[in-house]
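Below is one structure, written out as structure tokens; comments come after it.
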Amino acid sequence: MRITNCHTHTFTDAHIPARYPHWGLMPFKRAPGLVKGLAFAARLLGQEGAAASLRRLHRFQQEARLPAQADIFAQLVAQYPRGTRFVVLPMQMAGMGQGACRASLAQQHDELAEMARAWPGLVIPFATCDPRLPGAAEEVRRCIEELGFRGLKLYPRLGFAPDHPVLMREVYPRLNDRGLALVSHCSRGGVTGNVTRADADAFSHPMAFAPVLRAFPRLQVNLAHMGGQCDWEAYITEGLNPYDPHARARNFLVTLREMIESGDFPNLWTDVSYTLFQSEAFLPFLRLFLDHPRLRARTLFGSDFYMTRQEELSERAVAVRLRAGLGEALFRQIAETNPEAWLGEG
Ligand SMILES: [Zn+2]
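With positions in the sequence shown counted from 1, the corresponding number in the working numbering is that position plus 119.
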């Protein structure tokens, strides 16, 4: 089986703003051991929010402090069988209002292109952009037309809508013409830009992509994380009134499944990254959800490496748990068959 992991990252601390996640934490970014101790103390004191953000910082430090994207990639390759391919997604955080990054977006893309040349066929590079920043559409064009990148990654939680005019007029038409793939972060977790949590959630909601899916039917859109861990937890733990349409519409997981299963959005995909790596309790639900033929044909294997480094188990341990839990035929569908179709290789 040729596995394609459709969601990985290799960006380094050169691509993270100096003041992220908070300017008060700047001194700790230079002393990772201290951060780990503080995270433990915060957890003891019941400061889950603080503990979580410190853990996030520590996680970034462990992997992101490696000097080059290729160093991070070398760690990722070691977690999978020979021949596994990786979609590598860059990140532009310069528009967060948290200070500049040491490396520009063009430099991040160039380094990724170099890595794709060093690992021919195994690194599948995607571009990224923040449509609010100058030169966004031109940089995406350069990546696709000159560097041979295979798709685009977006992160609306940073503070822009998926139907931002620059994307609608200058970016999506070019991708749509070529039938290229797009990944968009779709969960209540992750990085939030200089906007309220409610706004970031509204930009991330699966239905926020509906106008894009309708206007660009050849664009193959992966709304990543299958709704995200918060909405999986709410669905499983608190439950959900099946007769309350508003409750259903608020839950990302339920909405996303309905959008795909309805057949109204044939160019809509999702991946299991991070969410399925976060809790063992989610796996039987995924197994059941994949009984629906449309969802089964639109679900992609992805992990969100190196974000998963904060979890207890290694990447390899979780990937194998997923493979064993789904069975060989179903795992092949999401890890080999579907990725090839999504990337336009089928
Ligand atoms: Zn990710």
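All C-beta atoms in this analysis are idealised placements derived from N, C-alpha and C, irrespective of residue type, glycine included.
In the three-state DSSP reduction, Gln198 falls in the coil class, being neither helix nor strand.
Runs of beta strand (DSSP E) with 3 or more residues, each lying fully within the stretch 222-291, are found at 242-247 and 270-273, listed in chain order.
The beta-carbon separation of Gly312 and Met215, rounded to 5 Å, stays under the 8 Å limit for a contact. Taking the CA atoms as reference points, Gly421 sits about 26 Å from Arg261. At a cut-off of 8 Å, the beta-carbon of Asp423 counts as near ligand 1: some heavy atom of the ligand is closer than that. Per DSSP, reduced to three states, the secondary structure at Phe205 is strand. Contact check between the stretch 251-258 and the stretch 296-303: fewer than three CB pairs, one atom from each, fall below 8 Å, which does not count as touching. Distance from Arg288 to Val310 at the Cβ level is roughly 26 Å; contact not present, criterion being Cβ atoms closer than 8 Å.
Not one heavy atom of ligand 1 falls within 8 Å of the beta-carbon of Met378. Excluding residues up to 5 positions away in sequence, His126, Ala343, His344, Gly421, Ser422 and Asp423 lie with their Cβ nearer than 7 Å to the Cβ of Ser392 in the same chain. In the three-state reduction of the DSSP assignment, Gln339 falls in the strand class, which pools E and B.
In the displayed model, Phe192 falls within a helix according to three-state DSSP.
By the neighbour-count criterion, in which a residue is buried when 16 or more other Cβ atoms sit within 10 angstroms of its Cβ, Pro209 is buried.
Secondary structure at Ser381: helix, using DSSP grouped into helix, strand and coil. Exclusion of the five residues before and after Glu357 leaves no residue of its chain whose Cβ lies closer than 7 Å to its Cβ. Relative to ligand 1, the beta carbon of His126 is positioned inside 8 Å of a heavy atom.
Between the stretch 277-284 and the stretch 327-338 there are three or more C-beta pairs closer than 8 Å, enough to call the two in contact. Ligand 1 has no heavy atom closer than 8 Å to the beta-carbon of Leu231. When only Cα atoms are considered, Cys220 and Ala368 end up about 37 Å apart. A check of alpha carbon separations from Glu380 across Gln226, Thr418 and Leu445 identifies Thr418 as the nearest.
A distance below 9 Å separates the beta carbons of Gly267 and Ala235.
For Ser303, the enclosing beta strand (DSSP E) starts and ends at Ala300 to His304. Taken from the Cβ of Ala443, every heavy atom of ligand 1 lies 8 Å or farther away. Close CB contacts of Arg406 within its chain, under the 7 Å cut and outside five residues either way in sequence, are with Gly444 and Leu445 (chain order). DSSP, reduced to helix, strand and coil, places Leu419 within a strand of the structure shown. If you draw a 10 Å sphere on the C-beta of Ser433, you find fewer than 16 other C-beta atoms in it, and that means exposed.
Each of His128, Asn124 and Arg121 was checked against the Cα of Arg428, and the nearest Cα belongs to His128. The residues Arg376 and Leu414, in chain order, have a CB closer than 7 Å to that of Phe408 in the same chain once the five nearest residues on each side in sequence are set aside. Looking at the DSSP output, Asn124 bridges to Phe205.
Per DSSP, the continuous alpha helix (DSSP H) segment holding Thr394 begins and ends at Thr394 to Gln397. Here Thr356 carries a helix assignment [DSSP, helix/strand/coil].
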